[in-house]
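Engineer:
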Ligand SMILES: NC(=O)c1ccc[n+]([C@@H]2O[C@H](COP(=O)([O-])OP(=O)(O)OC[C@H]3O[C@@H](n4cnc5c(N)ncnc54)[C@H](OP(=O)(O)O)[C@@H]3O)[C@@H](O)[C@H]2O)c1
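What follows is the structure, given as structure tokens:
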């Protein structure tokens, strides 16, 4: 067992697109847990687009990381030492509080217990965790899909998007994917999407959406913002619902207002509803969501693709892949295996 904890700290608040030099890898002494705390060995760290917001000083729904502070992020790992009555060495735990580090020390009450016999442990940060729950609650609660409706999804092959498309199919909808490559669209079709649009090759994106969605878009699940959002807004069906889930296409303009068209007339004409979504608002219903997602997965009605890099050194690279469309599926970084 090592006596050092390697961890990434924030070196700069980037202006525009972040680069690897915005973080610094440091070594710190391993810390013993105090009363109520647990020392964990990180096994998988999650990288997520929301982290762009944590490295900006701009006002957001959660605080920024301070300069020199450990980069925030979720993970799943194995308990090494515990001063909390509910946790013992060998237990597997998940939390949004790991940070980009090998050995987080966390309060026992903030950890979620993971049963490794139910699903691979990294599922706890993918389809049975934050991205899966985002797809589940945003589509079902805000979108309220009805059989026969058309659901259009941007970043459709990603951690959230792949789950949205499959839930839409499970609800009897037509699901249309938007992604950056033929390989990603092919995967989307394999998991059930009825069709797809390559936004890099489509030319007139509004016309491409019109062609794929001839009766209009009933639900637009917006993971990107930007020009894809505009193309969806030009094709709304009556009573359309637009779910604002994320704005990953604007990562290089984080502190600036959104770009593009103003859509008030489209909202008015179609009596449409546009609503922002934040997964943490649904925390008291997470267990229900996880049960349903696990059931669909068990029935073969929810497949999931991961994109795994290895080693703590990979964290900034893995994160930047999300902002440049290089990831293909849920981006994770693997640091180790459970000891048992
Ligand atoms: N509101 C919430 O509670 C909540 C929770 C979780 C996630 N989210 C949001 O959901 C979205 C998806 O997150 P995720 O974890 O599932 O990530 P992801 O889709 O696995 O990865 C990000 C994807 O974004 C797409 N992208 C990157 N730059 C783009 C650009 N300039 N134009 C269009 N697409 C671009 C890429 O897909 P392509 O190859 O298709 O370009 C990339 O693979 C993000 O916006 C995230 O912030 C929100």
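Numbering (the numbering used here), first residue to last: 1191 to 1530. All residues carry an ideal CB built from backbone N, CA and C; glycine is no exception.
Report yes if the C-beta distance between residue 1263 and residue 1442 is below 7 Å; otherwise report no.
Structural biologist: Residue numbering aside, residue 1263 sits at position 73 when the chain shown is read from its first letter. Residue numbering aside, residue 1442 sits at position 252 when the chain shown is read from its first letter. No, Cβ-Cβ distance for residue 1263 and residue 1442 is not below 7 Å.
Engineer: Can you give the Cα-Cα distance for residue 1493 and residue 1446, rounded to whole angstroms?
Structural biologist: Residue numbering aside, residue 1493 sits at position 303 when the chain shown is read from its first letter. Residue numbering aside, residue 1446 sits at position 256 when the chain shown is read from its first letter. The straight-line gap from Cα to Cα measures roughly 36 Å.
Engineer: Consult DSSP for residue 1213 and reduce its assignment to one of helix, strand or coil.
Structural biologist: Numbered from its first residue, the chain shown carries residue 1213 at position 23. Here residue 1213 sits in strand by DSSP.
Engineer: Run through DSSP, which three-state label would residue 1230 get?
Structural biologist: To locate residue 1230, count along the chain shown from 1; it is residue 40. Note: residue 1230 maps to strand in three-state DSSP.
Engineer: Would you call the CB atoms of residue 1472 and residue 1327 closer than 7 Å?
Structural biologist: Position 282 of the chain shown holds residue 1472. Position 137 of the chain shown holds residue 1327. Yes, these two residues count as a Cβ contact at 7 Å.
Engineer: Go ahead and label residue 1317 buried or exposed: buried means 16 or more other beta carbons lie within 10 angstroms of its beta carbon, across all protein chains shown.
Structural biologist: By one-based count along the chain shown, residue 1317 stands at place 127. Under this definition residue 1317 is a buried residue.
Engineer: Which residue spans inside the region 1344-1371 form an unbroken alpha helix (DSSP H) run of at least 4?
Structural biologist: The region 1344-1371 contains these whole alpha helix (DSSP H) runs: 1349-1360.
Engineer: Would you say residue 1288 touches ligand 1, meaning its beta carbon is less than 6 Å from a heavy atom?
Structural biologist: Sequence index remark: in the chain shown, residue 1288 carries index 98 (1-based). No - ligand 1 has no heavy atom lying nearer than 6 Å to the Cβ of residue 1288.
Engineer: Measure from the C-beta of residue 1528 to each C-beta in chain B and report whether the shortest distance is under 7 Å.
Structural biologist: Absent from the structure is chain B; it holds one protein chain and no more.
Engineer: Residues in its own chain within less than 7 Å of residue 1358 by CB, not counting five upstream and five downstream?
Structural biologist: By 1-based counting over the chain shown, the position of residue 1358 is 168. Closer than 7 Å at the Cβ level, and outside the excluded window around residue 1358, lie 1329, 1335, 1341 and 1365.
Engineer: For residue 1382, which residues in the same chain have their Cβ closer than 7 Å to its Cβ, ignoring the five residues on either side in sequence?
Structural biologist: Within the chain shown, numbered from 1, the residue matching residue 1382 stands at position 192. If we look at residue 1382 and ignore the five residues flanking it on each side, its Cβ neighbours are 1355, 1356, 1359 and 1365.
Engineer: Tell me whether residue 1204 counts as near ligand 1, meaning its Cβ is closer than 6 Å to at least one heavy atom of that ligand.
Structural biologist: Numbered from 1 along the chain shown, position 14 holds the residue referred to as residue 1204. Flag unset: Cβ of residue 1204 not near ligand 1.
Engineer: Out of 1464, 1252, 1226 and 1292, which has the shortest C-alpha to C-alpha gap to residue 1199?
Structural biologist: Taking the chain shown and counting its residues from 1, one reaches residue 1199 at position 9. Minimum Cα distance to residue 1199 is reached at 1292.
Engineer: For residue 1458, which three-state DSSP category applies?
Structural biologist: The sequence position of residue 1458 within the chain shown is 268, counting from 1. Helix.
Engineer: Measuring straight from C-alpha to C-alpha, what distance separates residue 1226 and residue 1428?
Structural biologist: The count along the chain shown starts at 1 and reaches residue 1226 at position 36. The count along the chain shown starts at 1 and reaches residue 1428 at position 238. Roughly 53 Å separates the two Cα atoms.
Engineer: Given a cut-off of 7 Å, decide if residue 1311 and residue 1266 are closer than it, judged by their beta-carbon atoms.
Structural biologist: Taking the chain shown and counting its residues from 1, one reaches residue 1266 at position 76. Taking the chain shown and counting its residues from 1, one reaches residue 1311 at position 121. The answer is yes: Cβ separation under 7 Å.
Engineer: Would a C-beta distance cut-off of 7 Å place residue 1362 and residue 1321 closer than the cut-off?
Structural biologist: Translated into positions along the chain shown, residue 1362 becomes position 172. Translated into positions along the chain shown, residue 1321 becomes position 131. Result no, Cβ atoms of residue 1362 and residue 1321 do not sit closer than 7 Å.
Engineer: With hydrogens ignored, establish whether the beta-carbon of residue 1313 is closer than 6 Å to any heavy atom of ligand 1.
Structural biologist: Stepping through the chain shown from its first residue, residue 1313 is reached at position 123. Because no heavy atom of ligand 1 lies under 6 Å away, the Cβ of residue 1313 does not count as near it: no.
Engineer: Could you give the DSSP three-state label for residue 1509: helix, strand or coil?
Structural biologist: Stepping through the chain shown from its first residue, residue 1509 is reached at position 319. In this structure, residue 1509 counts as helix in the three-state DSSP scheme.
Engineer: Please report the straight-line C-alpha distance between residue 1217 and residue 1197, rounded to a whole angstrom.
Structural biologist: Sequence index remark: in the chain shown, residue 1217 carries index 27 (1-based). Sequence index remark: in the chain shown, residue 1197 carries index 7 (1-based). C-alpha separation (whole angstroms): 6 Å.
Engineer: May I ask you to check if the CB of residue 1413 is nearer than 6 Å to at least one heavy atom of ligand 1?
Structural biologist: Taking the first residue of the chain shown as 1, we reach residue 1413 at position 223. Result yes, Cβ under 6 Å from ligand 1.
Engineer: Are residue 1444 and residue 1303 close, meaning C-beta to C-beta below 7 Å?
Structural biologist: As a first step, residue 1444 must be located in the chain shown, where it is residue number 254. As a first step, residue 1303 must be located in the chain shown, where it is residue number 113. Contact flag unset, no.
Engineer: Helix, strand or coil for residue 1285 per DSSP?
Structural biologist: Working through the chain shown from its first residue, we reach residue 1285 at position 95. In this structure, residue 1285 counts as strand in the three-state DSSP scheme.
Engineer: Note down the Cα distance separating residue 1458 from residue 1270, rounded to an integer number of angstroms.
Structural biologist: As a working mapping, residue 1458 is identified with position 268 in the chain shown. As a working mapping, residue 1270 is identified with position 80 in the chain shown. Going by the C-alpha atoms only, they are around 57 Å apart.
Engineer: Here's a check: name, in chain order, each residue in its chain whose Cβ is nearer than 7 Å to the Cβ of residue 1461, leaving out the five neighbours to either side.
Structural biologist: The residue given as residue 1461 occupies position 271 in the chain shown. If we look at residue 1461 and ignore the five residues flanking it on each side, its Cβ neighbours are 1428 and 1429.
Engineer: Residue 1251: buried (16+ other C-beta within 10 angstroms of its C-beta) or exposed?
Structural biologist: For the purposes of this step, residue 1251 is taken as the residue at position 61 of the chain shown. With fewer than 16 Cβ atoms within 10 Å of its Cβ, residue 1251 is classed as exposed.
Engineer: Since residue 1196 sits in a beta bridge, which residues does DSSP pair it with?
Structural biologist: Residue mapping note: residue 1196 aligns to position 6 of the chain shown, counting from 1. According to DSSP, which records beta bridges pairwise, residue 1196 is partnered with 1217.
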